[in-house]
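Chemist:
Protein chains: 2
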Amino acid sequence: MADPTKTPSTPAPPKRASLRERTRAAMRAEVSDVAFRLFAEQGFENTTVEQIAAAAGLSRTTFFRYFGTKEEVVLGRVGEYGRQVADALAARPADESPWYALRRAFDVITEAGPGRPGSPADMVRLLSQACVLMTRHWEKTQGWHSMIAPEVARRLGESAGPVTDMRANALTAAAISCLDAATDAWIATGGTASLSDLADQAMGCLHETGHTPE
Amino acid sequence: MADPTKTPSTPAPPKRASLRERTRAAMRAEVSDVAFRLFAEQGFENTTVEQIAAAAGLSRTTFFRYFGTKEEVVLGRVGEYGRQVADALAARPADESPWYALRRAFDVITEAGPGRPGSPADMVRLLSQACVLMTRHWEKTQGWHSMIAPEVARRLGESAGPVTDMRANALTAAAISCLDAATDAWIATGGTASLSDLADQAMGCLHETGHTPE
DNA sequence: ACCCAAAGTGGAACTAAGTACCAAGTTGGG
DNA sequence: CCCAACTTGGTACTTAGTTCCACTTTGGGT
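Which chain is which? The protein sequence lines are V and D, in order.
Okay, so the first sequence: first residue is 1 according to full-length UniProt numbering, each after it adds one.
Okay, so the second sequence: first residue is 1 according to full-length UniProt numbering, each after it adds one.
#1: Who are the near neighbours of residue 201 of chain V in its chain, counting only those whose CB is closer than 8 Å to its CB and skipping five residues on each side?
#2: Give me the chain D residues within the contact set of residue 217 of chain V, using Cβ-Cβ distance strictly less than 9 Å, ordered along the chain.
#3: If we count the other Cβ atoms within 10 Å of its Cβ and call it buried at 16 or more, is residue 158 of chain V buried or exposed?
#4: I need the boundaries of the alpha helix (DSSP H) containing residue 188 of chain V, first residue and last residue.
#5: What are the boundary residues of the alpha helix (DSSP H) that includes residue 98 of chain D?
#6: Within this structure, are the beta carbons of residue 188 of chain D and residue 169 of chain D separated by less than 8 Å?
#7: Does residue 32 of chain D come out as helix, strand or coil in the three-state DSSP assignment?
#8: Under the rule that 16 or more other beta-carbon atoms within 10 Å means buried, what is residue 71 of chain D, buried or exposed?
#9: Count the other C-beta atoms from every protein chain shown that fall within 10 angstroms of the C-beta of residue 221 of chain V, then say buried if there are 16 or more, exposed otherwise.
#10: Taking Cβ positions only, does residue 108 of chain D come closer than 8 Å to chain V?
#11: Residue ranges of each alpha helix (DSSP H) run of no fewer than 4 residues wholly in the region 40-92 of chain V, ordered along the chain?
#12: Do you know offhand how far residue 152 of chain V's Cα is from residue 90 of chain D's?
#13: For residue 93 of chain V versus residue 185 of chain D, is the C-beta distance shorter than 8 Å?
#14: Please name the residue, chosen from D:203, D:74, D:81, that lies closest to residue 39 of chain D on a Cα-to-Cα basis.
#15: With a threshold of 6 Å on Cβ separation, who are the neighbours of residue 132 of chain V within its own chain once the five nearest residues in sequence on each side are excluded?
#16: In terms of alpha-carbon separation, which member of V:164, V:147, V:178, V:173 lies closest to residue 82 of chain D?
#17: Of all the CB atoms in chain V, is at least one closer than 8 Å to the CB of residue 41 of chain D?
#18: Can you find a C-beta in chain D that's less than 8 Å from the C-beta of residue 32 of chain V?
#19: In terms of alpha-carbon separation, which member of D:197, D:164, D:67, D:36 lies closest to residue 24 of chain D?
#20: Measuring straight from C-alpha to C-alpha, what distance separates residue 35 of chain D and residue 57 of chain D?
#21: What residues from chain D crowd round residue 49 of chain V, counting only those whose CB sits closer than 8 Å?
#22: Does any residue of chain V bring its CB to less than 8 Å from the CB of residue 52 of chain D?
#23: Checking contacts by CB at 8 Å: is residue 85 of chain D closer than that to chain V?
#24: I'd like the list of long-range same chain contacts for residue 14 of chain V, defined as Cβ closer than 6 Å, with 5 residues on each side in sequence excluded.
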């Protein structure tokens, strides 16, 4: 695996947006478009870098100069939407609660109609189908999530159904995320802090009743 | 990438735990131990399948019969802990709130001292270092998370510090998880439902004020 | 208009993950 | 005791990703 930190794509502009850099960005965009067309036609896994390079009119070698990884083509696009969400979040009134502000920032994604080509909605479809994030796919099929979510669904005490399942999935994934955040913070301290306390903190900031049974 | 659904490891026991299956499980465990020793010594990326196979006394080919992927060695171990958490969750009193029950189920991980070899705590350390889940690493360094979390931290209105950062990370990751759950549910409906409503539902079940600014 | 250092390009050769296939060896259990 | 089923290792292949080198292009200053 390539180290994602030393991406060969944009080595931080030393001064301004020089002509060469703009050309480079344009190339990246064009190659990305070509790649996504192929992905949509034959799927992510079934599309080789060679095909993309050929279709875009460059060599395999050069492709890897623009994208360090095949995945990076997809991830780059995802990152764009992330930037939009981040911008939307920053634009929200400062006195809103973080959770509500986040919900409104996500409108950038949720309110985008699936009509326009290349819209976030379409991309979401492609991403889920493409199974790029093999890891997340695994987590949801074989990992903790699938083992825990059913029990959570049962505990929600609602009639079984797609909406209840979704709520259980959200709850489970959020909890796991909190645990992840706690362990990350714990590792950052070199293991000196109390992982248990950190987990309380992380989960508590989402639902104050995290400390009490009911 | 191998399809994680057709894992060559345990093709569903047709009748009982036959002798051959138990032998197989024992082999898997032993190979896994050898692999983790190598991972700990030289890191995940720098350890080749060939090395693991040689150290375990089997051929490369046979290794792939036990583990479809090098990652699966690690993921298998993670899955064991997941099963423990799931069991712990099922054992909690039925009248506890889901969120609290989840918190207590995580005690299996958080309360395990980092002393014993192969303890969850040690494994957590290894996993974060190994960067197996290249995706999650990316998400946290280049992805949405890193773009959104700082803003959330600012909005928490607390003095900057490691704990605030962790709370912001937890909040951000949880919100993204909710959005993921919503889009998954949305895709499951073929795009007929309102993604926006689903997002409200998913985020709302964690913090009731998700629907209101304050 | 000219020039050159820097950047871009493509090809060849390499490592490593993962897959497909085959021929031989082992063994469980009737 | 035996054979069908399972296991094993070897070879050959595809693809992602890296490294190196030689060649071409070009931006931008003189």
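The C-beta atom is built at its ideal place from N, Cα and C for all residues, glycine as well.
Modeler: Let me lay it out:
#1: 182
#2: The question about residue 217 of chain V has no answer, for chain V in this structure spans 1 to 214.
#3: exposed
#4: 162-188
#5: 98-105
#6: no
#7: Correct three-state label for residue 32 of chain D: helix.
#8: buried
#9: With chain V running from 1 to 214 in the structure shown, residue 221 of chain V is simply not present.
#10: no
#11: 49-56, 60-66, 70-91
#12: 9 Å
#13: no
#14: D:74
#15: Its pLDDT being 47, under 50, residue 132 of chain V is placed unreliably by the model, and nothing is read from it.
#16: V:147
#17: Chain V, which has no Cβ nearer than 8 Å to the Cβ of residue 41 of chain D, makes this no.
#18: no
#19: D:67
#20: 12 Å
#21: Simply none; closest approach about 14 Å.
#22: no
#23: yes
#24: For residue 14 of chain V, the predicted structure reports a pLDDT of 40, less than 50, and the residue's modelled location is therefore unreliable. A value from the coordinates is still provided. Excluding sequence neighbours, residue 14 of chain V sits near nothing in its chain.
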